[in-house]
Amino acid sequence: MDDIEGKILSNSSIAPGYHLLRIRLSRSMGTVRPGQFIMMKIPDGGVFLRRPFSIYDYQQGILTVMYKIVGKGTEQLSKASKGTSVLTLGPLGRWFTVDRRNIPVVIAGGIGFAGIYSLIKKLQGKASIFFGCSSKEEIPLLRDAVRFDPLIATLDGSYGFKGNVVQLFKNHLKGLKGKNVEIFTCGPVNMVKSIKGLIVPHKIPCQVLLEERMACGMGLCFGCVMKTTDAEEPYKRVCKEGPVFNLWEISL
Amino acid sequence: MGNISIKLFGKTLRNPVFNASGTLGYGVEIEPLWSVETMGAYVTKGLSIRPHHGNPTPRVWEERHGMINSIGLQNVGVDRFFDTYLPFFRKKRLPIIVNFFGFTEDEYVACAEKIKPDRLIVALEMNLSCPNIKAGGISFGKEPSMVFKIVKKVKGVTKIPLFAKLTPEVKNIVDIAKAACDAGADGLTLINTMPAAAFDAKKKSIPLKGGLSGPVLKPISLRAVHECSKAVSVPIIGVGGIMDAMDAVSFFMAGARAVQIGTATFIDPYAIPKIIKEISDYLDANGIKKIDDIVRTAHGK
């Protein structure tokens, strides 16, 4: 992990409100594992703190980040042009661990896909992928995962299954009965909550990638915590003990 | 490289730059980037007699020239800190300043009593910004009489030199500083964060209330250091909005013997080692032999 300078190669809109950012780093980030993230900022860019972003992809010195414009930081980032310098601290946090004996199921909601794509890529088609979003306008987010035949739900029914991704997954749950399934998920809190509700009776192992407002990104400030079932020290740092947590150990 | 070591309570510290309490975790987290013994001393996260869980999120909020935090003093408790982390600092021979707090006077006293003198411990740093539950939730640090009483009690149970860390949200910080020193405080840490509220106009909500830190705080902190150092003779640690070496130098000139760096580390995780090096460069470039030669040089001006 280190603070590395980079230059923006491209920063293009892939769907309304979503961007794909490619950065050439001045040196190697080392080994990057699925689920890890970076803290990024544009120096003197009018934003005070860095912002956390999932590592969408990293190869041959090029870091790719997929992001949704949600506030001042991402708004500013979306306007950054080719050649702009950025600082990236990473890779940070604990990653998804894959047990080869289990059948992987990936459930992603909206921009949650950005955090879990690196795992999908690593699993190379071994995972069943469920993706949910609001409408067909967000389908371009899946661009790099189309080859792995994801099952798609849209809330307005404009593409694929009409409804949310958890309802879609529920329809497939029967087919997974008796198999050693493990779920990997990233998306809105309500999606994660309803996954939890659905799989409680089945006791399916599940790793969840969480997001939270962060200041430092490396465990210094205790600003980004998630409540867990640990009675002694319930609040765990999303940046340090996470961002990947065991679903059964967090209090949602 | 110039000599930037300082002497504090008979102990020689490598340099006058420490982290602000709670901004460098338990000291171990920064190790992948730089060795924590780069600093003159490590200031612990605020410790309490029992572990404390802290607040729910959001705990941090960005402002234009600073940030607001409401961590809520989450910590593993004084016992577990010493069991788990003291060996790490001992191995590194890094002096520590133990920051502590309580929600009642008894808790402050019990915590201070628990911390036994140790070669590694330079001083205690008493956080006087906690709400006093017995006095109806007002801070211990706001009334000179309350400050005097609690500092006196703590001094009665410890032989370790004691810094009182003061809040800027008071009528007159000089009166508070004097009260702390009259009660026996061996030094002052000036200042803690400033109470503030984050506002989300889109949602018409206040996402969090907490302490404002970062460069926005620097002029307030510099004034406190300047005025208090004229009124009392104990060593002062300056803290609040220091982002670079020239900020640190300003604090020395204003009367600080040492400085603490907090929010700057979140902007640049290398801020502390950079500031240490640049202070040394500043002394060299200006032919200054030691830090103490510039301390208080802004007095009378």
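Chains F and B are the protein sequences, given in the same order. First residue of the first sequence: 352, per the working numbering; consecutive thereafter. First residue of the second sequence: 7, per the working numbering; consecutive thereafter. Every residue gets a Cβ at the ideal spot worked out from N, C-alpha and C, and that includes glycine.
{"Item": "According to DSSP, residues forming a beta bridge with residue 59 of chain B", "Value": "BP columns for residue 59 of chain B are empty, so no partner."}
{"Item": "Where residue 596 of chain F falls: helix, strand or coil (DSSP)", "Value": "strand"}
{"Item": "Beta-ladder partner(s) of residue 219 of chain B, from DSSP", "Value": "B:73"}
{"Item": "9 Å Cβ cutoff, residue 259 of chain B in contact with chain F", "Value": "no"}
{"Item": "Assumed close pair residue 443 of chain F, residue 457 of chain F - CB separation to whole angstroms, cut-off 8 Å", "Value": "With 8 Å as the limit, residue 443 of chain F and residue 457 of chain F do not qualify as a contact, their Cβ atoms being about 22 Å apart."}
{"Item": "Amino acids of chain B, ordered along the chain, whose beta-carbon sits closer than 9 Å to that of residue 576 of chain F", "Value": "60, 61, 62, 63, 65, 77 and 80"}
{"Item": "Within chain F, partners of residue 271 of chain B - CB distance below 8 Å", "Value": "567 and 571"}
{"Item": "Test: residue 114 of chain B CB closer than 9 Å to a CB of chain F", "Value": "no"}
{"Item": "Of the residues F:387, F:476 and F:553, the one placed nearest residue 415 of chain F, counting alpha carbons only", "Value": "F:387"}
{"Item": "C-beta neighbour in chain B for residue 400 of chain F, strict 9 Å", "Value": "yes"}
{"Item": "Rounded separation between residue 560 of chain F and residue 425 of chain F - CA only", "Value": "20 Å"}
{"Item": "Collapsed DSSP secondary structure at residue 305 of chain B in the structure displayed", "Value": "coil"}
{"Item": "Segment limits, beta strand (DSSP E) that includes residue 193 of chain B", "Value": "193-196"}
{"Item": "Minimum Cβ-Cβ distance from residue 430 of chain F to chain B less than 9 Å", "Value": "no"}
{"Item": "DSSP state of residue 23 of chain B mapped onto helix, strand, coil", "Value": "strand"}
{"Item": "Inter-stretch contact (C-beta, 8 Å, three-pair minimum) for the segment 42-56 of chain B and the segment 200-216 of chain B", "Value": "no"}
{"Item": "Chain B contacts made by the segment 581-602 of chain F, where a contact means CB separation under 8 Å", "Value": "583, 584, 585, 586 and 591"}
{"Item": "Anticipated Cβ contact below 8 Å, residue 255 of chain B with residue 242 of chain B, distance rounded", "Value": "Residue 255 of chain B to residue 242 of chain B, Cβ: 15 Å. No contact."}
{"Item": "For residue 209 of chain B and residue 90 of chain B, the rounded distance between their alpha carbons", "Value": "42 Å"}
{"Item": "Cβ contact check for the segment 400-410 of chain F and the segment 558-577 of chain F: 3 or more pairs under 8 Å", "Value": "yes"}
{"Item": "CA nearest to the CA of residue 525 of chain F, picked from F:440, F:552, F:536 and F:491", "Value": "F:552"}
{"Item": "CB contact flag (residue 139 of chain B, residue 109 of chain B, <9 Å)", "Value": "yes"}
{"Item": "Bridge-paired residues (DSSP) for residue 535 of chain F", "Value": "F:457 and F:558"}
{"Item": "Straight-line gap, residue 97 of chain B to residue 37 of chain B (C-alpha atoms, nearest Å)", "Value": "14 Å"}
{"Item": "Assumed close pair residue 44 of chain B, residue 282 of chain B - CB separation to whole angstroms, cut-off 8 Å", "Value": "6 Å"}
{"Item": "When B:217, B:100 and B:246 are compared against residue 265 of chain B, the one with the closest alpha-carbon", "Value": "B:246"}
{"Item": "Neighbour list for residue 29 of chain B in chain F, Cβ cutoff strictly below 7 Å", "Value": "571 and 572"}
{"Item": "DSSP state of residue 155 of chain B mapped onto helix, strand, coil", "Value": "helix"}
{"Item": "Contact set for residue 365 of chain F: own chain, Cβ-Cβ below 8 Å, skip 5 residues either direction", "Value": "371, 417, 491, 492 and 494"}
{"Item": "Straight-line gap, residue 23 of chain B to residue 34 of chain B (C-alpha atoms, nearest Å)", "Value": "17 Å"}
{"Item": "Limits of the alpha helix (DSSP H) - the one that residue 471 of chain F falls within", "Value": "463-474"}
{"Item": "Three-pair Cβ contact test at 8 Å for the segment 462-482 of chain F versus the segment 426-443 of chain F", "Value": "no"}
{"Item": "Test: residue 392 of chain F CB closer than 9 Å to a CB of chain B", "Value": "yes"}
{"Item": "Neighbour list for residue 73 of chain B in chain F, Cβ cutoff strictly below 8 Å", "Value": "399, 400 and 566"}
{"Item": "is_contact[residue 440 of chain F, chain B] using C-beta, thresh 9 Å", "Value": "yes"}
{"Item": "Residue burial classification, residue 104 of chain B (beta-carbon count within 10 angstroms, cutoff 16)", "Value": "buried"}
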